[in-house]
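Novice: Before I ask anything, here is the structure I am working with.
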Amino acid sequence: MWDVILVGILALIAGVALGFFIARRYMMSYLKKNPPINEQMLKMMMMQMGMKPSQKKINQMMSAMNKQQGK
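Residue numbers for the sequence shown follow UniProt numbering, beginning at 1 and rising by one.
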């Protein structure tokens, strides 16, 4: 009886630990392939579209993007 409970608890702990490390590795690889946009990337994108980016406009766009991600 106690053997079954002990094996179940150990399997649960092992599953949680394994799941954590698999999820961590997946997120690391995802962030390498798709890095979050920062101010420099936004500035380069605006320059490629033919706009002359001002710091005020960059700040507005970054705050709008952060607000959108928060939802």
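The C-beta atom is built at its ideal place from N, Cα and C for all residues, glycine as well.
Please report the distance separating the alpha-carbon of Arg-24 from that of Lys-33.
Specialist: 14 Å
Novice: I want to know whether the stretch 28 to 44 touches the stretch 53 to 69 - three or more CB-CB distances under 8 Å.
Specialist: yes
Novice: Let me know the secondary structure DSSP gives Met-51 once reduced to three states.
Specialist: coil
Novice: Go to Met-27, then tell me how far its alpha helix (DSSP H) extends in each direction, as first and last residue.
Specialist: 2 to 33
Novice: Sorted by chain position, which residues of the same chain lie with C-beta nearer than 8 Å to Pro-53's C-beta, five sequence neighbours on each side aside?
Specialist: Leu-42, Lys-43, Met-46 and Met-47
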